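Take a look at the structure set out below.
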Amino acid sequence: MTPLLACHDLTVGYGKLAVARGLDLAVQPGTVTAVLGPNGAGKTTWLLTLAGFLPALGGTYEVGGASVRRPSPQRLNAAGVVLVPDNRALFTQLDPLENLKLAARTGGIGVTAAMDLFPALGKRAKVKAGALSGGEQQMLAVARALVQDPKVLLIDEMSMGLAPVIVEQLVPIVRRVADETSAAVVLVEQHVRLALEAADRAIVLVHGDIVLAADAAELRAHPSLLEDAYLGHETAHAG
116 MTPLLACHDL
126 TVGYGKLAVA
136 RGLDLAVQPG
146 TVTAVLGPNG
156 AGKTTWLLTL
166 AGFLPALGGT
176 YEVGGASVRR
186 PSPQRLNAAG
196 VVLVPDNRAL
206 FTQLDPLENL
216 KLAARTGGIG
226 VTAAMDLFPA
236 LGKRAKVKAG
246 ALSGGEQQML
256 AVARALVQDP
266 KVLLIDEMSM
276 GLAPVIVEQL
286 VPIVRRVADE
296 TSAAVVLVEQ
306 HVRLALEAAD
316 RAIVLVHGDI
326 VLAADAAELR
336 AHPSLLEDAY
346 LGHETAHAG
């Protein structure tokens, strides 16, 4: 089966400065891939490149089997690659319903269905996005992505700045989104345990290199593999 998104030997960075290199990824419909690793490893830079906000410095990148030659956020979004950035990038002076209606695209799950995924957000539907709590803003950012009919959903640091109880509610929704919409989800996340519970596969990035790639179930069963990867032990590609 042709992956919804794939890259091979990708190098990403800023200008001529490479931040991460040798990046390989292939994601299928209805799957969740967790990208893990310490701060500064290059995870966000990778996602920004996949979403078209940064040009690749090397390697190849395909969406739906077609090579991406002149990437831009607009072209990739139109092809179904949708990013939920770590800063959420909401229209803060608009309420949740207005944010969703502006983003809604034919084929998406619809504004009502998106709100139903987040009951707490529904109770705040007429409050300006800038006045929402951090957790509510993150719910809105994910809901806004879903109404755009994503084929590939890139989520950067969903848990950033949120209380653990909120994170416990949000991360399982990623699994539900993949199962119910058949989107492929790439999740950059610091909460390793929760990410692995939602994911099918996991990649660990350290100092700009993939040091581990394995099935999430294997990493849940053998946490020492993750510990070795984070501590910089030799590269491992399990599973």
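For what it's worth, our numbering labels the leading residue of the sequence shown as 116, then goes sequentially. Where is the CB? At the ideal position from N, CA and C, for every residue including glycine. For clarity, every value in this text was computed on a predicted model and none was experimentally measured.
Item                                                                                                                                                                                   : Value
Check A317 in the structure and name its three-state DSSP category.                                                                                                                    : strand
Any contact of the segment 145-153 with the segment 301-312, i.e. 3+ C-beta pairs under 8 Å?                                                                                           : yes
Less than 6 Å between C-beta atoms, sequence neighbours within five positions excluded: which residues of the same chain meet that for A344?                                           : V319, V326 and L327
Could you give the DSSP three-state label for S248: helix, strand or coil?                                                                                                             : coil
Rounded to whole angstroms, what's the CA-CA distance from P287 to A299? Just pull it up for me.                                                                                       : 15 Å
Between which two residues does the alpha helix (DSSP H) carrying G223 extend?                                                                                                         : It is not in any alpha helix (DSSP H) - G223 carries neither H nor E in the DSSP assignment.
Would M254 and L268 be called neighbours here (beta carbons separated by less than 9 Å)?                                                                                               : no
Which of helix, strand or coil does DSSP assign to L355?                                                                                                                               : Summary: the structure shown does not reach residue 355, with the chain confined to residues 116 through 354, and so no result is reported for it.
Can you name, in chain order, every residue of its own chain whose Cβ lies under 7 Å from the Cβ of L232, other than the five neighbours on each side?                                 : A258 and I288
What are the complete alpha helix (DSSP H) segments, minimum 4 residues, inside the segment 271-342?                                                                                   : 279-296, 307-313 and 331-336
Report yes if the C-beta distance between G167 and V134 is below 9 Å; otherwise report no.                                                                                             : no
For G223, I'd like the list of residues in its chain whose CB is within less than 6 Å of its CB, leaving aside the five on either flank, ordered along the chain.                      : V262, Q263 and D264
Check each candidate in R290, L302, L172 and A331 and name the one with the smallest Cα separation from R316.                                                                          : A331
Assuming L163 is part of the alpha helix (DSSP H), what are its boundary residues?                                                                                                     : K158 to L165
Quick check on L151: does DSSP put it in helix, strand or coil?                                                                                                                        : strand
Consult DSSP for V199 and reduce its assignment to one of helix, strand or coil.                                                                                                       : strand
Along the chain, where does the alpha helix (DSSP H) containing G237 start, and where does it finish?                                                                                  : P234 to G237
Please name the residue, chosen from P170, P338 and G250, that lies closest to K73 on a Cα-to-Cα basis.                                                                                : This structure cannot settle anything about residue 73, because the visible part of the chain is limited to 116 through 354.
Can you confirm whether the segment 195-210 touches the segment 268-279 when touching is taken to mean that 3 or more C-beta pairs between the two stretches lie within less than 8 Å? : yes
In terms of residues, what are the limits of the beta strand (DSSP E) holding L125?                                                                                                    : L120 to Y129
Cβ of K238 within 9 Å of Cβ of V226?                                                                                                                                                   : no
Thinking C-beta only, is T164 closer than 9 Å to Y176?                                                                                                                                 : yes
According to the neighbour-count rule (16 or more other Cβ atoms, all chains shown, within 10 Å of its Cβ), is A204 buried or exposed?                                                 : exposed
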